[in-house]
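Asker: When you line the sequence shown up against this note's numbering, it's residues 4 to 421, in that order.
Built from N, CA and C at the ideal position, the CB exists for glycine as well.
Predicted model only: the values in this text are computed from it and were never measured.
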Amino acid sequence: MSPRVEELPYFEDSAALFLPWAERPWSVFLDSGFPHSRQGRFDLIAAEPQITLTTRGEVTEIREGDRVETSKDDPFELLAQALGPHQPGIPGLPFAGGAIGYLSYDLARRIERLPVHAQDSEAIPEMMMGIYGWAVVVDHHARRTFLVGKPDTPGLSSRWPHLVQQFSQIQTLGWRMGDFEILDDVQPNLDRSAYGKAFDHIKRYITEGDCYQVNLAVRFEAPSKGHPWMAYQHLRTFNPAPFGAYLGYPGLEILSSSPERFIKLTDSRIETKPIKGTRPRLHDVIGDATQVLALRDSLKDRAENLMIVDLLRNDIGKSAIPGSVRAPKLFEIESYATVHHMVSTIEGALKPGLGALDLLRGCFPGGSITGAPKIRSMEIIEELEPHRRGVYCGSIGYVGFDGSMDSNIAIRTLIHSG
């Protein structure tokens, strides 16, 4: 069954299109950062999912209308079942309906056996995914906007004219949510002394040959006032990124300004673009150019980047046709509003008979935010970081009814709860 599609007026700033939906639970915005960033192309807006999947520990709750089921089956398999058999896509558009949401870093516990040391202080679900029967797709390169949908979505035929009307006009007047304010100092979950001790532990592990690198993270927390959508609009203006996202759930909002692609799958073509190596931007043009050269020529950053390239080649190789995995671009420098990054590109071809969620499961979580070797690095992270990571260092993205997929590494990501 071919997707339904209708062209809408193009608006340069998709945030204005999402604004009327920003307070509705399960409304999602995958944001390329345009017009503040010119590196992205497509924005996706979706709401009113027909099915929702929420995983906590070993149990996934599946809601479809008034019907609620629970399962202890693998969340990746449950998501694949909810998507159903592959449906045709729309040529030239990345998405024609499907799953959108997040996988937390801690969903890895459903894949690998890991020790349990870190506190689960956030207590948020390990996975929240909605199955969306309609979406708005904005193509900023072509300057075109489309409403797309799966024709057999319950109620879509009667809902369609209203959606066309609503997304054909920007309604910013009357949608005042006030300001967003941080009320107190931001507090880390590791102070400088504790971080130094954890760092020394990692150096010892590396010296003893236990691992090659570990990505040690610190969480920051502060009380706030106001609607998080206002905070996200500031974030996307001053730190735009091609893999940003705003996800609104009951009692939980996720704000991501990620520059990093995790896994993309299009017509059996796999791509991942790990980031390893960073330098801050400078206001002085000459000094900023010097930063780029220093990063490009850094043997330390190249070595670190190459370790993760090798790790991801191995992860992709689990699901790729033998001999198809290659790294056509190594150590390229990409510049963003506040930093320069060293980025490599790895490609492959998906084995026949496998799907997007097989690929995602085989690579999750992303190696750029664990270290190498992956499992040992994750064990060390669990030992040294006092709290579970939650959404941070997990992934946000979509899996389409047509089997396509794109996802980020959820770095530079905030959660707002309560």
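Among the candidates G393, A297, P277, whose CA atom is the shortest distance from the CA of G369?
Answerer: It is P277.
Asker: Given a cut-off of 8 Å on the beta-carbon distance, is the pair E80 and D109 in contact?
Answerer: No.
Asker: For A292, does the count of other Cβ atoms within 10 angstroms reach 16, so buried, or fall short, so exposed?
Answerer: Label assigned to A292: exposed.
Asker: Pull up the distance between the alpha-carbon of P78 and that of A102, whole angstroms please.
Answerer: Going from the Cα of P78 to the Cα of A102 covers about 13 Å.
Asker: Counting beta carbon pairs with one atom in the region 387–401 and one in the region 323–342, are three or more of them shorter than 8 Å?
Answerer: Not touching, per the Cβ criterion.
Asker: Under 7 Å Cβ to Cβ from I372, same chain only, skipping five residues before and after it: list those, please.
Answerer: So the qualifying residues of the chain are N218, C396, I412, I414.
Asker: Helix, strand or coil for W232 per DSSP?
Answerer: DSSP places W232 in helix when its eight states are reduced to three.
Asker: Leaving out the 5 sequence neighbours to the left and right, which residues in its chain are closer than 6 Å to L33 when beta-carbon positions are compared?
Answerer: Within the same chain, L33 has close Cβ partners L47, A248.
Asker: Looking only at C-alpha atoms, which of E10, M132, K377, E64 sits nearest to P28?
Answerer: Selected option, being the one with the closest Cα: M132.
Asker: Rank R305, R299, T269, M381 by C-alpha distance to the C-alpha of F404 and give the top, closest one.
Answerer: Measuring from the Cα of F404, the nearest candidate turns out to be T269.
Asker: Going by alpha carbons, who is nearest to E61 out of A50, T73, E51, E67?
Answerer: Closest option to E61, Cα to Cα, is T73.
Asker: Do the region 146–157 and the region 178–196 touch if we need at least three Cβ pairs shorter than 8 Å?
Answerer: With the cut-off at 8 Å, the region 146–157 and the region 178–196 do not touch.
Asker: Tell me which same chain residues have a C-beta within less than 6 Å of the C-beta of V139, skipping the five on either side of it?
Answerer: If we look at V139 and ignore the five residues flanking it on each side, its Cβ neighbours are I48, L150, F170.
Asker: I93: which of S420, M408, R7, K332 sits nearest, CA to CA?
Answerer: Residue R7 is the option with its Cα nearest to I93.
Asker: DSSP three-state label for S259, please.
Answerer: S259 falls in the strand class under three-state DSSP.
Asker: Considering only C-alpha positions, which residue in the set L258, T63, E115, G320 is nearest to K377?
Answerer: It is E115.
Asker: With three or more C-beta pairs closer than 8 Å as the rule, is the region 345–364 touching the region 304–315?
Answerer: Touching, yes.
Asker: Can you list, in chain order, the residues of its chain with a C-beta nearer than 8 Å to that of L176? Leave out the 5 residues immediately preceding and following it.
Answerer: Because the pLDDT of L176 is 47, which lies under 50, any placement of that residue in the model is unreliable, and the number read from its coordinates should be weighed accordingly. None.
Asker: Hey, would you say L315 sits closer than 8 Å to I349, going by beta carbons?
Answerer: Cβ distance < 8 Å, so L315 and I349 count as in contact.
Asker: Just to confirm my understanding: we take P226, look at its own chain, exclude 5 residues before and 5 after, and list those with CB closer than 8 Å. What are they?
Answerer: Counting only Cβ-Cβ distances below 8 Å, and skipping sequence neighbours, we find I185, L186, D187.
Asker: Less than 8 Å between the C-beta atoms of V189 and F223, yes or no?
Answerer: Closer than 8 Å, so yes.
Asker: How far does the beta strand (DSSP E) with E67 in it extend, from its first residue to its last?
Answerer: Counting along the chain, the beta strand (DSSP E) containing E67 begins and ends at 62–67.
Asker: Is it buried or exposed for Q216, if we count other Cβ within 10 angstroms and need 16 for buried?
Answerer: When all chains shown are included, Q216 counts as buried.
Asker: Which runs of the alpha helix (DSSP H) spanning at least 4 residues fall entirely within the region 275–330, listed in chain order?
Answerer: Entirely contained in the region 275–330, the alpha helix (DSSP H) runs reaching 4 residues are, in chain order, 288–299, 302–320.
Asker: I need the DSSP call for V167, collapsed to helix, strand or coil.
Answerer: In this structure, V167 counts as helix in the three-state DSSP scheme.
Asker: Cutting at 6 Å between CB atoms, please list the residues of its own chain near E260, excluding the five before and the five after it.
Answerer: Per the sequence shown, the amino acid found at residue 260 is Ser instead of Glu. The residues are L238, N242, A244, G247, R415.
Asker: What would DSSP say about D109, mapped onto helix, strand or coil?
Answerer: Correct three-state label for D109: helix.
Asker: Over what stretch of residues does the beta strand (DSSP E) that includes K354 continue unbroken?
Answerer: Careful: K354 lies outside any beta strand (DSSP E) and carries neither H nor E.
Asker: Please identify the residue among Y13, L417, W137 whose C-alpha is closest to the C-alpha of L255.
Answerer: Among Y13, L417, W137, the Cα nearest to that of L255 belongs to L417.
Asker: Helix, strand or coil: which one does DSSP assign to A197?
Answerer: Helix at A197.
Asker: State the CB to CB distance for the pair E64 and T57, rounded to an integer number of angstroms; the pair is presumed to be in contact (CB under 8 Å).
Answerer: Right, their Cβ atoms sit about 5 Å apart.
Asker: Could you tell me the distance, in whole angstroms, from the CA atom of R70 to the CA atom of I54?
Answerer: C-alpha separation (whole angstroms): 10 Å.
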